[in-house]
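J.:
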Amino acid sequence: MTTATPTTSTLTGVPALAPLLARGALLSPLKRPRPDADFPRTRLVLPGLRVDLARLAAYERVCGFPTGADALPVTYPHVLGFPLAMRLMSGRGFPLPLLGLVHTSIGITRRTVMPATGAYELAVRVEGLAPHRRGTEASVVTELRAGADVVWESRSTYLARHRTTARPPAEETPSEHREPLPARAEWRLAGDTGRRYGAASGDRNPIHLHPLTARLFGFPRAIAHGMWTVARCLAEHGTPDAAVVRAEFRSPVLLPGTVTYGAEDGGGGAGGRFELRGARDGRLHLSGEVGPYPAA
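In terms of my numbering, the sequence shown opens at residue 123 and continues consecutively.
1) Going by DSSP, name the residue or residues bridged to aspartate 325.
2) What does the alpha-carbon distance come out to for the pair histidine 330 and alanine 364?
3) In the DSSP assignment, find the unbroken beta strand (DSSP E) run with phenylalanine 396 in it and report its ends.
4) How about the region 195-207 and the region 151-161: do they share at least three Cβ pairs that are nearer than 8 Å?
5) Between the Cα of valine 273 and those of Val262, Tyr242 and Asp174, spot the shortest distance and give me the residue it belongs to.
6) Should threonine 189 go down as buried or exposed, given a rule of 16 or more other Cβ atoms within 10 Å for buried?
7) From the DSSP output, which residues share a beta bridge with glycine 269?
8) Under 6 Å Cβ to Cβ from alanine 179, same chain only, skipping five residues before and after it: list those, please.
9) Counting Cβ pairs closer than 8 Å, one from the region 310-328 and one from the region 349-359, do we hit at least three?
10) Out of curiosity, what's the CA-to-CA distance linking isoleucine 345 and arginine 405?
11) Between which two residues does the alpha helix (DSSP H) harbouring glycine 146 extend?
12) So threonine 382 and alanine 305 are in contact, right, with Cβ under 8 Å, and what is the actual spacing, rounded?
13) Please determine, among Thr231, His225 and Pro253, the residue with the shortest C-alpha to C-alpha distance to threonine 197.
14) Who are the Cβ neighbours of glycine 384 in its own chain at under 8 Å, not counting the five residues just before and after it?
15) Hey, could you find the ends of the alpha helix (DSSP H) glutamate 182 is sitting in?
16) With DSSP as the reference, identify every bridge partner of arginine 165, one or two as the case may be.
17) Given that a residue counts as buried once 16 or more other Cβ atoms are within 10 Å of its Cβ, and exposed if not, what is arginine 154?
18) Could you check the C-alpha separation between aspartate 192 and arginine 285 for me, to the nearest Å?
19) Applying the criterion that 16 or more other CB atoms from any shown protein chain within 10 Å of the CB defines a buried residue, is serine 131 buried or exposed?
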């Protein structure tokens, strides 16, 4: 394995997603994922970023956040950073195939309220690869700066499934059968939820858009975006102005469908655990937790 020297590449605009997704799909059959593979060390930076307020409002509506406030929802910088992440993950130097890559978790730290009308610097990098009990997992870090200060950062993990002999520590194995949290709401999800979120976020992965394209990847129907499920839960739950969020995506949400949102308390931004389960079978789709930053 060769180790590349870390570099910074400054962009002049937001990369177009459609060509990146197409490139990633074409290169996917050529990838041979393994946890000791080399990966791109490039840090992509986009300075002078301003938010498209119309697109933000569409995102807020589809996720259930209040519209019109001069503050970015806690999950929105992920949408801003997604094209940069796709530029890295769709390239020849990224060892995991984009097709079939599963978003398994996200951790978010918001240090302060982020005005929707502010100017920001966005940076994305691949932090590393790690063995997973089902294959190889990549960590992608996104940072949002206001001036010299990091005001928001996230770490997402993406899993490429393949044969492996890796055995993670026992605490990394999901606990799928824990007692459900108190139910707070039941949501009936329309069949076009993935298409509406895809239009607002730019993430038009075919598994989210239509039953026919989802079947090509082994799903009986279209599935909801994982980042839509966590955003919808946080819109209901609320978050402190300075907050730490952790969420794990356990199983896909089929569209249309009905899910139950559960939480330790009534929400209101006080913090605590939350989850999303199937309304009929109780299957755990998403588990997460909100806390203050810095931790008390």
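From the three backbone atoms N, C-alpha and C, an ideal C-beta is built for every residue, glycine too.
T.: Here's the rundown:
1) Position 203 of the sequence shown holds residue 325. Answer by DSSP bridge pairing: none, since aspartate 325 is not bridged.
2) For the purposes of this step, residue 330 is taken as the residue at position 208 of the sequence shown. For the purposes of this step, residue 364 is taken as the residue at position 242 of the sequence shown. Approximately 31 Å, taken between the alpha carbons.
3) What you label residue 396 is simply residue 274 of the sequence shown in a count that begins at 1. First-last of the beta strand (DSSP E) with phenylalanine 396: 394-400.
4) no
5) Sequence index remark: in the sequence shown, residue 273 carries index 151 (1-based). Nearest C-alpha to valine 273: Tyr242.
6) In the sequence shown, the residue the question calls residue 189 occupies position 67. With fewer than 16 Cβ atoms within 10 Å of its Cβ, threonine 189 is classed as exposed.
7) Against the sequence shown, residue 269 aligns to sequence position 147. Partner(s): none; glycine 269 has no beta bridge.
8) As a first step, residue 179 is located in the sequence shown; it is residue number 57 there, counting from the start. So the list reads Thr189, once near-sequence residues are dropped.
9) yes
10) Walking along the sequence shown from the start, residue 345 turns up at place 223. Walking along the sequence shown from the start, residue 405 turns up at place 283. Those two C-alpha atoms are separated by around 15 Å.
11) Along the sequence shown, read from residue 1 onward, the residue named residue 146 stands at position 24. Start and end: 139-149.
12) As a working mapping, residue 382 is identified with position 260 in the sequence shown. As a working mapping, residue 305 is identified with position 183 in the sequence shown. Confirmed, Cβ separation roughly 5 Å.
13) Position 75 of the sequence shown holds residue 197. Checking every option, the nearest Cα to that of threonine 197 belongs to Thr231.
14) Numbered from its first residue, the sequence shown carries residue 384 at position 262. Excluding sequence neighbours, glycine 384 sits near Pro302, Leu303, Pro304, Ala305, Arg306, Phe396, Glu397, Leu398 and Arg399.
15) Here residue 182 refers to the residue found at position 60 when the sequence shown is read from its first residue. Glutamate 182 -> alpha helix (DSSP H) spans 175-185.
16) Numbered from 1 along the sequence shown, position 43 holds the residue referred to as residue 165. BP columns for arginine 165 point to Thr130.
17) As a first step, residue 154 must be located in the sequence shown, where it is residue number 32. Exposed.
18) Sequence index remark: in the sequence shown, residue 192 carries index 70 (1-based). Sequence index remark: in the sequence shown, residue 285 carries index 163 (1-based). Distance between the alpha carbons of aspartate 192 and arginine 285 is about 47 Å.
19) For this step, residue 131 is matched to residue 9 along the sequence shown. Label assigned to serine 131: exposed.
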